[in-house]
Amino acid sequence: AQSVSQHNHHVILSEAASLELGCNYSYGGTVNLFWYVQYPGQHLQLLLKYFSGDPLVKGIKGFEAEFIKSKFSFNLRKPSVQWSDTAEYFCAVIGGSYIPTFGRGTSLIVHP
Amino acid sequence: DARVTQTPRHKVTEMGQEVTMRCQPILGHNTVFWYRQTMMQGLELLAYFRNRAPLDDSGMPKDRFSAEMPDATLATLKIQPSEPRDSAVYFCASGLVRENTEAFFGQGTRLTVV
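Chains as they are written, first to last, in our numbering: chain A, 11 to 122; chain B, 5 to 118.
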């Protein structure tokens, strides 16, 4: 069975600080990896995704993530956060079952 | 702009009442997921349909929850009888069973059982 672990449950940053959110997964086969964002009171929206090829993927709003296969990791990064990035961030993995499995989420608060 | 549509957006009901949540997946998608989101448990998969057939509902309490897809444009999640511990946000998502695809989420139904 596949599983996802997000190490940071709550992160508080000031505007312009750099962000890195950790995500590790467990699955022995080929995976598709995703980061979703959930703004307060809203639904989950896709930030970026990795299927194959270049392990460094760029998403919307200046976010990027790097797939490191040897570490089973897919960490999310942003060089300079904004107040509007305040949200919940979910890492997800899809393995052979085609069922997305989500991490517990990381709550990010950015102070202006 | 294709999107997953869920109704109602909010529901407040009394304990013991029946609750039905509806989802219209994106046209052409052949998989539908129901997730429940709570502070304590995060996102839990309740049920999964492929081509309208239920493939996995192991995450759903069988005694009170039921999920169906009467046709390709409608998925339902029913709770009977509802209990206060069912209070949560219920999300429907749809997608395609093939490589290189993601799940698209609806706006969710915020359920409060008092």
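Glycine is no exception: its CB is placed at the ideal position from the N, C-alpha and C atoms. Predicted model, so just to flag it, every value in this text is computed and none were measured.
Asked, Found
"Of all the beta strand (DSSP E) runs that stay within the bounds of the region 32 to 90 of chain B, which reach a length of 3 or more residues?", "35 to 42, 46 to 54, 57 to 60, 69 to 75 and 78 to 83"
"Taking DSSP's pairing of strands, which residues face A:TRP45 in a bridge?", "A:LEU58 and A:CYS101"
"State yes or no: is the beta carbon of B:GLN28 nearer than 7 Å to at least one beta carbon in chain A?", "no"
"According to the neighbour-count rule (16 or more other Cβ atoms, all chains shown, within 10 Å of its Cβ), is B:VAL36 buried or exposed?", "buried"
"Is the separation between the beta-carbon of B:THR116 and that of B:SER98 shorter than 7 Å?", "no"
"Relative to the alpha-carbon of B:LEU31, which residue among B:VAL101, B:ARG89, B:ALA76 and B:ILE83 has its alpha-carbon at the smallest distance?", "B:ALA76"
"Is there contact here, the region 37 to 53 of chain A with the region 18 to 29 of chain B, by at least three beta-carbon pairs under 8 Å?", "no"
"According to DSSP, is A:SER94 part of a helix, a strand, or is it coil?", "helix"
"Report the rounded CA-to-CA distance for A:LEU29 versus A:VAL21, giving the unit in angstroms.", "9 Å"
"Closer than 7 Å by C-beta to A:GLY115: which residues in its own chain qualify, once you throw out the five before and the five after it? Chain order, please.", "GLN16, GLU98, TYR99 and PHE100"
"Which residues of chain B have a Cβ atom closer than 7 Å to the Cβ of A:GLY115, listed in chain order?", "GLY46"
"Looking at the C-beta of A:PHE112, does it have a partner C-beta in chain B at a distance below 7 Å?", "yes"
"Could you list which residues in chain A have their beta carbon closer than 7 Å to that of B:ALA71, in chain order?", "Here the premise fails: no neighbours, minimum Cβ distance about 14 Å."
"In whole angstroms, give me the CA-to-CA distance for B:SER86 and B:THR24.", "10 Å"
"Hey, is B:TYR52's beta-carbon within less than 7 Å of any beta-carbon in chain A?", "yes"
"Please list the partners that B:ASP60 has in chain A, where partner means a Cβ-to-Cβ separation under 9 Å.", "SER107 and ILE109"
"Of all the CB atoms in chain B, is at least one closer than 7 Å to the CB of A:PHE82?", "no"
"Of the choices A:ALA11, A:LEU23, A:TYR35 and A:GLN92, whose alpha-carbon is the least far from that of A:GLY113?", "A:TYR35"
"How big is the Cα-Cα spacing for A:PHE73 and A:LYS88?", "5 Å"
"Between which residues of its own chain and A:GLY105 is the CB-CB distance below 7 Å, once the five residues before and five after are set aside?", "GLN12, TYR37, GLY39 and VAL41"
"In angstroms, rounded to a whole number, what distance separates the CA positions of A:LYS81 and B:GLY46?", "24 Å"
"What residues of chain B sit near A:LEU66, judged by a beta carbon separation below 7 Å?", "None at all; the shortest Cβ gap to chain B is about 17 Å."
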